[in-house]
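Below you'll find the structure, written out as structure tokens, and then a few comments.
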Amino acid sequence: MIVEALAFYMFAFIAVAAGVLVISSKNPVHSVLFLILAFFNSAGLFVLLGAEFLAMILVVVYVGAVAVLFMFVVMMLDINFTELRSGFLQYLPLGGLVGLILLAEMVVVAGGWQSIAGGAKLAEAAAPIVKSTSNTHALGEIVYTHYVYLFQAAGLILLVAMIGAIVLTHRRRTGVKRQRIADQNARGTDTVEVRKVEVGKGI
Amino acid sequence: MIEILAVFLPLVGAALAGVIVFMPQADKHKQHKMDTLAQWITCTGLVLSAICAIILFKDVALDGNARVTELFTWIDSGSLEVSWALRVDQLTSVMMIVVTGVSAMVHIYSCGYMHHDKSIPRFMSYLSLFTYFMLMLITSDNLVQLFFGWEGVGLASYLLIGFWYDRPSANSAAIKAFVVNRVGDFGFALGIFATFMLFDTVNLDTIFEAVPGKADATLNVFGGEFHALTVCCLLLFVGAMGKSAQLGLHTWLPDAMEGPTPVSALIHAATMVTAGIFMVARLSPMFEYSEVALTVVTIVGASTCIFAATIGCVQNDIKRVIAYSTCSQLGYMFFACGVSAYSAGIFHLMTHGFFKALLFLGAGSVIHAMSDEQDMRKMGGIWKHIKVTYILMWIGSLALAGIPPFAGFYSKDIVLEAAWGAHTGVGQYAFWLGITAAFLTAFYSWRLLIMTFHGTPRADETTMAHVHESPMVMVLPLVVLAAGACLAGVLAYDLMVGHHMAEFWGKSIVVLEHHKAMENAHHVPLWVKLLPLVVGVAGIAMAYVFYMFAPGIPGAIAARFQGIYQFLLNKWYFDELYDKVFVKPSFYLGRNLWKTGDGTLIDGLGPDGVSAAVKNIARRASALQTGYLYHYAFAMLAGIVVLVTWYLLTKAG
Amino acid sequence: MSIDQIIPALPEIFVACMIMALLMLGVFQKGALADQDVKSFRLISGLSVGVLGLTILLVVMLADRQLMAFNNMFVVDGFATYAKVLVLIASGCAIVLSAGYMERNGVARFEYAVLVVFATLGMMMMISANDLISLYMGLEMQSLSLYVIASFQRDDQRSTEAGLKYFVLGALASGMLLYGASMVYGFSGTTNFSVLADLLKGGTPSVGLVVGIVFVVAGLAFKVSAVPFHMWTPDVYEGAPTPVTAFFAVAPKIAALALFTRVMMEPFGEAADSWRQVIIFISVASMILGAVAAVAQKNIKRLMAYSSIGHVGYALIGLCVANETGVRGILVYLAIYLVMNVGAFACILCMKRGDRMVEQISDLAGMSKTHPTIAFAFLVFMFSMAGVPPLAGFFAKLYIFWAAVDAGLMAVAIIGVLTSVIGAFYYLRIVRVMYFEDAEDPLDAGVSRELKILIGVTAFIICFFFIQPNLILEPAAAAAKALLAG
């Protein structure tokens, strides 16, 4: 029990600290690295909950794909984050105040947590973590039956995202030279002149 | 059927001419053709209508076929049932003769007079429209239809006075006529309401039948109990005073002379202004039951009669002199009605219609000849150049002054005799004022004649060289009217006020037994019969002395009695009085309410204040919209914090 | 899972399949040449309108009783049918409106129509959501499509900026919504609307649950652009291509308001007393801001943005009332709002000069001379939006205020009337500019046929709604009844 609790606090603390560092570090590359750290710790939290499938997915997708993509983008676009954040301190008092109020309120609300009658049972029903089957198996059982609607909808949303990405990036620009292989092949010899250039002289 | 034709032909003419108004032609020649077409249409309509009126007169008045023709139901709401109906009885048929006859003459005359005007179709259309409304008024079978015609002629009069709308004076005169008439019309409308309250109907026949039963009824007005019929009659009489320009509400009539002269002849001499007399005669069954109302009518009539005559003596504008003369003659008619001599009043109305139209059109002819000069001080010595007009003006003046055998003699005499014959105090008041007015009438008529036609020419040479007799199309109507002025009196005397009076009027005029003015009028002492003639001749003689033989006298008198002269010249200061008492205060009040009340208080605190505040807030609200993403995001977060905090503090706390 | 389990979702499945088909068709149509783009744009647009039309038929066929599908995550009832029909009409009109503009501005690409239909699918899913998760799925599908078409005019900086702003703020709003949903789940143990409704029956809800609801409300308020979550609206409306703005102003608003209504009435209806003040705050703030801020606007699209904020405020009054008359008021309002806005935007799309779109209010000057008919129709729409009787907009407001007064919310109704008076000011200002100011440089003559037809039909409906109001009133009443019964 103690080990579990210690692990939880460690993961939680590191995740939150990494989150803060993501937005506070000056170098964007560091930010992305801290983000990856936060992902790893979140995955750890999932493992503690017994949701090993989610943990692995998080690592594979977010760390393996998304964060690396971020890294590429950040390194390719030379954005000066320091300049972007220049007014940061100016807004800190007011923003911090709002944040603190919200935090206090959330604490109050969470402190008064009580499940309404029958709620506990429902909560159990929605968390089918059973020792006898693996996460993957359990998810697979409901994703294609119980949640088929949401699963398909999510697929469609991804399709929208894909179309959107294509629409916004793949566009016809004027003044851009493209390679047209058919044109190249159809070109005869008359457009090309072969000359002999003497050594040491230009044309 | 024939009455429908008589009433609606002018409307058709007006509508057709109205259509032509909206088809202006660029080509001058074509425009002239269109103008001629409009003139032909309206004149034909009116002449046909006049012929119908004559046939009707024969049928209705001479053969005694009074009738009501229902057209259709107009309003049917609760106990108020009003239908369009043409009521043609003796009274109406006499009026129709006057209205259509004079109107037809004026239409023809206008073809010549308005020759140079650029909107002839519009003018002809208005004239015909006016005639239609007037006919509607005199043929009405109920008070509402009467009111319709009443307002209609008011509208047409407004349009015609302001016909030359590019002249500011014409515009203000038109507005004045309209506004002053509104005062009268307000009384008239109240009178109709009171009558409806009393009788629960607006139908004339039903009212007349019910009048004897309501002779003693009372009506609660402002907390006091008043004799109901008196209240109704007085309110209705206020309307009559407005339309017929009686003392107090007369101020619009002289100003109305701003309109073209044919309009003055048609509307402001012969027809519309007599609507008030017609109304009183038409409602004689009601007025008969209210001694108070009759007394008021007599006093107002007699006072107007003398009042207008005095002013007429000092005016210099030829049309204004005739206008005041009209005002004065209307006074005669009213006090005739006031002493229950309705037939005498209508008789005078008819003869007056002819000779006053003649005088106006004659004056128009003079003005036409003098190149639109209206001031008599700038005329004189033109009789040799326009002999026909001169003779016709003489005929008109003789009729007006009451010299036998012209029409005015018969009608004025019977009116004055009836006033004497009433044997009442107010009757005497009316008689003596009437006699004095008769003297003044003769005086100013000849003053007009002499100043206009005799003496040395006072106009400049170019004008004098241009003086010419009017074309045939203008002279011919004058001749017709002159014939009326000569003969109408002698022909109709017996019929309308003489021995056959009772059969002639039939049921259209009701006079109670104890009102014996008409009966007594035929048995007055000889001096009463002769007095009007004597003062008339005396008036003429005095005019000759003053303006022909000793031209210095008027100036001397005017200088000696400067106060009286100014008083008369300024028309008893009525306009100034009204200006001070009503116009200025209302302007003042209006301006104050507008600037202080509306502008500063209501607008300042209301619309303007609010809109200024809104604009201010709007600017601030737009300023919040900075365009920075993090501002927006922050606003959202702040919003949710506010919402959650608010909830926690109010509900959960 | 048997086949009859998915029958309620038939229209959505149909639309989804058709989207794929259209996508394939478009892709294979597309050649290397620019004019081929226009051709395929026209083809796909036309087909999309056809698909939406067919979907209306399918939706109407499924009407008249409540059906559940996919383990109660998806619901079809009278309310959903009514809202879906409105949304489908709005989307169809938006595609029709776009035709000329897109071609003129060189962004005629067939993906536009596909994305609009995608957004429509998302809206239909939102309307039929019976679970917080399916709600979120629908919302995201709609939003993602909208983000893309907001920046569809990629070469235009303002359009790109609009899309980006919308995306970032939309993500924030989604975050709030999800946070709220998770709180609701944490405090109740379920995300299903029917179960939530049962749980809340009797007894006051816990504080945490209501705070969760407030977060959900914030997320939804963003989608309907209610104050204080409206900040994106003016910028996005101004920046996005005009037909896209027209689409934004109508279809997503209707869908989001319908969803808003369902969420507040169905699962949380029993807790109305707890959340009412929040909605009243949002509604009143929206009405006031919509009326006041619009006064200072110079750009007509920005003005329409504030106008739509105001209209949402009015519609939300019906939600404050939280009963059947209130819901009916909202539904009537949405239908009339749809017609007015389609017409108004069609008029705005007629504003071009020298073959370029213009969008300043001052550009409208002299429109009464260059386009007398269009100007008159615009006048009708403006008067209707200002709530001048007997135009339809007056009745829309009337039913809403009526419901509020009936429920004793006098103060809200009075504020509503006051703000609509202020609002009348800027609507009438447009009329003044059109009719009483002379243009130095008049607008181009000539308006495409589709616009003419749309303007004519919508103006006709607005003018003559009062003759046969039952055509909208009765379905709306039935829909409201269906929602409250469910």
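Chains as they are written, first to last, in our numbering: chain A, 4 to 206; chain B, 20 to 672; chain C, 3 to 488. Note that CB positions come from ideal geometry on N, CA and C, so glycine has one too.
Would you say residue i faces chain C, with C-beta separation under 7 Å as the test?
i       : result
L588(B) : no
V633(B) : yes
I104(A) : no
Y308(B) : no
Y128(B) : no
V101(A) : no
Y592(B) : no
V69(A)  : no
G115(A) : yes
Verify the CB distance criterion: does residue i have a CB-CB separation below 7 Å to chain B?
i       : result
L171(C) : yes
I26(A)  : no
F231(C) : yes
P236(C) : yes
E108(A) : yes
V216(A) : This structure does not reach residue 216(A), given that chain A is present from 4 up to 206, and the question cannot be answered.
V294(C) : yes
Classify residue i as buried or exposed, calling it buried when 16 or more other Cβ atoms lie within 10 Å of its own Cβ.
i       : result
P13(C)  : buried
S50(C)  : buried
K526(B) : exposed
T172(A) : exposed
G453(B) : buried
P544(B) : exposed
I572(B) : exposed
I325(B) : buried
V63(A)  : exposed
H367(B) : buried
G243(B) : exposed
E307(B) : buried
V163(A) : buried
Y566(B) : buried
P570(B) : exposed
Can you round the beta-carbon distance between residue i and residue j to whole angstroms, since I take them to be within the 8 Å contact cut?
i       : j       : result
I332(C) : L340(C) : I332(C) to L340(C), Cβ: 12 Å. No contact.
A57(B)  : A36(B)  : 4 Å
D39(C)  : A110(C) : 6 Å
A70(A)  : A58(A)  : 15 Å between Cβ atoms; not a contact.
L259(C) : L141(C) : Contact doesn't hold; Cβ gap of about 13 Å is too wide.
T329(B) : H269(B) : Incorrect: roughly 13 Å between the Cβ atoms, too far for contact.
T61(B)  : H126(B) : 6 Å
Against chain A, does residue i count as a neighbour if the rule is that its beta carbon must be under 7 Å from one of theirs?
i       : result
L146(C) : yes
Please find out if some non-hydrogen atom of the ligand SAM comes closer than 6 Å to the beta-carbon of residue i.
i       : result
N190(B) : Annotation note on the ligand SAM: not contained in the displayed structure, which lists no ligands.
> Hey, which unbroken runs of the alpha helix (DSSP H) at 4 residues or more fall wholly within the segment 567 to 643 of chain B?
Replying inline: 571 to 579, 581 to 588, 593 to 597, 603 to 611, 626 to 643
> Looking at chain A, which residues of the segment 68 to 97 of chain C have a Cβ within less than 8 Å of any of its Cβ atoms?
Replying inline: A71, F72, N73, M75, F76
> For the segment 636 to 662 of chain B, which residues have a CB atom closer than 7 Å to at least one CB atom of chain A, in sequence order?
Replying inline: F653, L656, A657, V660
> Which of the residues in the segment 146 to 172 of chain A, read from start to end, lie with their CB under 9 Å from any CB of chain C?
Replying inline: Cβ contacts with chain C come from T148, H149, Y150, V151, Y152, L153, Q155, A156, A157, L159, I160, L162, V163, A164, I166, G167, A168, I169, V170, L171, T172.
> Which runs of the beta strand (DSSP E) spanning at least 3 residues fall entirely within the segment 74 to 157 of chain B, listed in chain order?
Replying inline: 86 to 96, 99 to 107
>> Report the start-end ranges of each beta strand (DSSP E) in the segment 189 to 262 of chain C that is 3 residues or longer and not cut off at the edges.
In response: none
> What are the residues of the segment 173 to 187 of chain C that lie near chain B, defined by any Cβ-Cβ distance shorter than 8 Å?
Replying inline: Answer set for the segment 173 to 187 of chain C: L174, A175, M178.
> Which residues, in order along the segment 297 to 312 of chain C, keep a beta-carbon less than 8 Å from a beta-carbon of chain B?
Replying inline: Contacts with chain B (Cβ-Cβ distance below 8 Å) from the segment 297 to 312 of chain C involve V297, A298, Q299, listed in chain order.
> When Cβ atoms are compared, which residues of the segment 405 to 438 of chain C fall closer than 8 Å to chain B?
Replying inline: Here the close residues are I424, F427.
> Which runs of the alpha helix (DSSP H) fall wholly inside the segment 468 to 509 of chain B and span at least 4 residues, in chain order?
Replying inline: 480 to 485
> Just by C-beta distance, which residues in the segment 208 to 222 of chain C are closer than 7 Å to chain B?
Replying inline: V209, V212, V213, V216, F217, A220
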